[in-house]
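Each residue of the sequence shown is one higher than the one before, starting from 8 at the first, in the numbering used here.
Everything below concerns the one structure shown next.
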Amino acid sequence: ALLVSGEKLRLPPIKLPLGLFLLGTVISLAFSGEAAAGLPQIRKFYVFLELLVVFSTLREIAWLRALVLCWAGVGALIAMRGFVQFAQRFKEAQELGRNFYDYYAPADRMTGFMSHWMTFSGQEMLVLLMLAAFLFFAPNAFQRGGLWLACSALMSLALLLGFTRSIWLATAAAGMYLLWYVRRWLVAAVPVTAALVFLLSPAPIRERFTSIVHPKEGVDSNEFRVVTERAGLRMIERHPLLGLGPEGVKLHFNEYVPPDVHKLPSGWYGHLHNIYLHYAAERGIPTMLMLLWLLLKILYDFHVGLRGLPPARNDRRFLLHGGIAVVLATMVAGFFELNLGDTEVLTVFLTVVACGYASLEMEALGGRQPAASRSTPPVKLRAAS
Numbered sequence: 008a009l010l011v012s013g014e015k016l017r018l019p020p021i022k023l024p025l026g027l028f029l030l031g032t033v034i035s036l037a038f039s040g041e042a043a044a045g046l047p048q049i050r051k052f053y054v055f056l057e058l059l060v061v062f063s064t065l066r067e068i069a070w071l072r073a074l075v076l077c078w079a080g081v082g083a084l085i086a087m088r089g090f091v092q093f094a095q096r097f098k099e100a101q102e103l104g105r106n107f108y109d110y111y112a113p114a115d116r117m118t119g120f121m122s123h124w125m126t127f128s129g130q131e132m133l134v135l136l137m138l139a140a141f142l143f144f145a146p147n148a149f150q151r152g153g154l155w156l157a158c159s160a161l162m163s164l165a166l167l168l169g170f171t172r173s174i175w176l177a178t179a180a181a182g183m184y185l186l187w188y189v190r191r192w193l194v195a196a197v198p199v200t201a202a203l204v205f206l207l208s209p210a211p212i213r214e215r216f217t218s219i220v221h222p223k224e225g226v227d228s229n230e231f232r233v234v235t236e237r238a239g240l241r242m243i244e245r246h247p248l249l250g251l252g253p254e255g256v257k258l259h260f261n262e263y264v265p266p267d268v269h270k271l272p273s274g275w276y277g278h279l280h281n282i283y284l285h286y287a288a289e290r291g292i293p294t295m296l297m298l299l300w301l302l303l304k305i306l307y308d309f310h311v312g313l314r315g316l317p318p319a320r321n322d323r324r325f326l327l328h329g330g331i332a333v334v335l336a337t338m339v340a341g342f343f344e345l346n347l348g349d350t351e352v353l354t355v356f357l358t359v360v361a362c363g364y365a366s367l368e369m370e371a372l373g374g375r376q377p378a379a380s381r382s383t384p385p386v387k388l389r390a391a392s
C-alpha cells in the first residue's frame, strides 16, 4: 500500500552505519563458503523496512503518541497472559513434587503470547520504558494516569516473574537514566527499591537474584555463558575481519570449544548470547563496529535533539528520552543475550528508533513533519490522553 500511495519513501538519517552493517553481513556471507546456510540472516533484512514504513507514514505526533499507548495496553494484556502461565507452572511443579525454582527457571518460564521467554521479556521491557517516558515527560500524561500506572505495574511484575536477569539489569540501567532527568535524587532510591524487592519477594525470586553471583549448577546459565564467551573469542581470533559467516557460529561452535572443556554445561549453544561478541565472531569485527556506530549515533542524535527542546513536558521529549532508554537497555541486555537477533524484539526496537527520528523532524508547535517532507496533507488527530 505504501508503494502505490505516492508517499515519498524515507529512512531516518542512519543510512550509512545501517547500510555498512548490512553490507558487511553480505560480504561475510559471500566469503563464508556456506552461503545457503546463511541466507536466513539475509532474508531477515526485511525487518529493517520497519524504519522506512514508520518514518515515512507516521507524520503526526499524535500518531506516535497513540502507538506507544496502544503498545502499553497490549503489553499489559500480554503480561496478564504471562501471569496465568506462571500460575500453571507453579501448579505443575507442586503436582510433580518438584522445587519450583528448579522446575521453572531453566526451561519452562512464562512466555505470554511469544514463543520464548527472552522474546516476551525483551518486548515487555521496551514497551515499559516507553510508557515510563510517557508518564515522566509527556503533556497530559495523567489524564488517564490510573490506567497507564496499572499497565506499568502489570508489565513490571511480568518482568520480575519472568526471571530474566539480563532484563532486570537492563531495565534498571535504562530506568535510572529516565529518573536522572526527572529528579536526580530518585536515582539514589533505585538500590533501596531493589533491596526492598529482594527482601519482600518469595524465595524463588530471591534465589534468582542471588544466582547472579551464586549460580545453581545445572539450573542457572552462568557456567555455559563462560564457555560461549571463550569459544566466541577463539572464533574472533581466527576470523577477525569477516567472521565465520551468518549462521556460522551455530554450525561451527563445537570446533571452537576450548580444549579444557570436556563436557559442555547445560545451555543453548546456537549463538553466543552477546550481540558484540556474536556479530564480531559471525560477521567480523568491522561489521560489529558498524552496529556499535549505529547504536551510538542514535543516542547522540536523540541527545542533541533533546537539548533544543523547552524544559516543559513535551511529546517529543518523551519520545526522545524513551528512545534513548530503549537503546541503552538494548545495549546493556546485549551483553547477555542476542536480543537484536530476535525478530520480534528487533521490530519493536526499530519502531522506537523511527518514532524518535520522526519526532526530531516535527515542528515544535504543530507536531508535524516539515511541509517539504509531506506529499499529502496530514490527517489531523486529537492527541490521545
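In this text, a Cβ means the ideal position worked out from N, Cα and C, and glycines have one as well.
All of these numbers come straight from a predicted model, not from anything done at the bench.
Best match in the options for proximity to residue i [C-alpha to C-alpha]
| i | options | result |
| --- | --- | --- |
| Ala42 | Ala361, Pro265 and Gly255 | Gly255 |
| Phe231 | Pro209, Phe260 and Arg213 | Phe260 |
| Trp70 | Phe143, Cys362 and Phe38 | Cys362 |
| Arg215 | Trp124, Leu248, Met117 and Tyr111 | Tyr111 |
| Gln130 | Val334, Phe342 and Glu14 | Val334 |
| Trp275 | Trp300, Gly239, Ile243 and Ser228 | Ser228 |
| Val189 | Val199, His269 and Phe325 | Phe325 |
| Phe120 | Ala83, Phe38 and Cys158 | Ala83 |
| Pro265 | Glu244, Gly250 and Phe90 | Glu244 |
| Gln95 | Val81, Gly80 and Asp115 | Asp115 |
| Lys51 | Thr32, Gly40, Leu18 and Ile68 | Thr32 |
| Thr217 | Ala180, Trp175 and Arg237 | Trp175 |
| Phe93 | Phe28, His278, Trp124 and Ala140 | Trp124 |
| Val199 | Leu168, Leu296 and Ala179 | Ala179 |
| Val134 | Gly182, Asn106, Leu18 and Gly152 | Gly182 |
| Gly89 | Lys98, Leu166, Glu14 and Pro113 | Leu166 |
| Met369 | Asn106, Leu65 and Glu236 | Leu65 |
Where residue i falls, given that 16 or more other Cβ within 10 Å makes a residue buried
| i | result |
| --- | --- |
| Leu23 | exposed |
| Tyr364 | buried |
| Leu302 | buried |
| Ser63 | buried |
| Leu207 | exposed |
| Gly323 | Reading the sequence as shown, one finds Arg at residue 323 and not Gly. The residue in question, Arg323, is buried, as its Cβ has 16 or more Cβ neighbours within 10 Å. |
| Ile21 | buried |
| Asp308 | buried |
| Tyr263 | buried |
| Phe343 | buried |
| Asp267 | exposed |
| Trp78 | buried |
| Ala195 | exposed |
| Ser122 | exposed |
| Leu103 | exposed |
| Gly40 | exposed |
| Ala378 | The predicted model places Ala378 with a pLDDT of 47, which falls under 50 and marks its position as unreliable, so this point remains unresolved. |
| Ala371 | For Ala371, the pLDDT reaches just 44, beneath the cut-off of 50, and the residue's location in the model is therefore unreliable, leaving the point undetermined. |
| Pro247 | exposed |
Under 7 Å between C-beta atoms of residue i and residue j
| i | j | result |
| --- | --- | --- |
| Val226 | Asp109 | yes |
| Gly45 | Leu36 | yes |
| Phe144 | Arg320 | yes |
| Val54 | Leu353 | yes |
| Thr118 | Glu351 | no |
| Glu57 | Thr358 | yes |
| Met297 | Phe28 | yes |
Anticipated Cβ contact below 8 Å, residue i with residue j, distance rounded
| i | j | result |
| --- | --- | --- |
| Gly329 | Leu154 | The pair is not a contact, with the Cβ atoms about 18 Å apart (cut-off 8 Å). |
| Thr164 | Ala100 | The sequence given here has Leu at residue 164, not Thr. Not really, about 19 Å apart at Cβ, beyond 8 Å. |
| Leu156 | Ala148 | Not quite, the Cβ-Cβ distance comes to about 10 Å (not below 8 Å), so this is no contact. |
| Leu258 | Val234 | Incorrect: roughly 17 Å between the Cβ atoms, too far for contact. |
| Gly252 | Glu224 | That pair is no contact at about 34 Å. |
| Ile331 | Leu306 | 6 Å |
| Ala340 | Ser173 | 5 Å |
| His278 | His285 | 5 Å |
Cβ-heavy atom distance, residue i to the ligand ADP, below 6 Å
| i | result |
| --- | --- |
| Asn281 | Among the ligands in the structure shown, none appear at all, so the ligand ADP cannot be discussed. |
Minimum Cβ-Cβ distance from residue i to chain C less than 7 Å
| i | result |
| --- | --- |
| Ser208 | The chain inventory of the structure shown lacks chain C, comprising one protein chain alone. |
- Start-end ranges of the beta strand (DSSP E) lying completely within the stretch 115-168, minimum 3 residues: none
- Quick one: which unbroken alpha helix (DSSP H) runs of 4-plus residues sit fully inside the stretch 311-371? Chain order, please. 322-340 and 350-368
- Contained alpha helix (DSSP H) runs [length at least 4] in the stretch 46-73, N- to C-terminal order: 56-64
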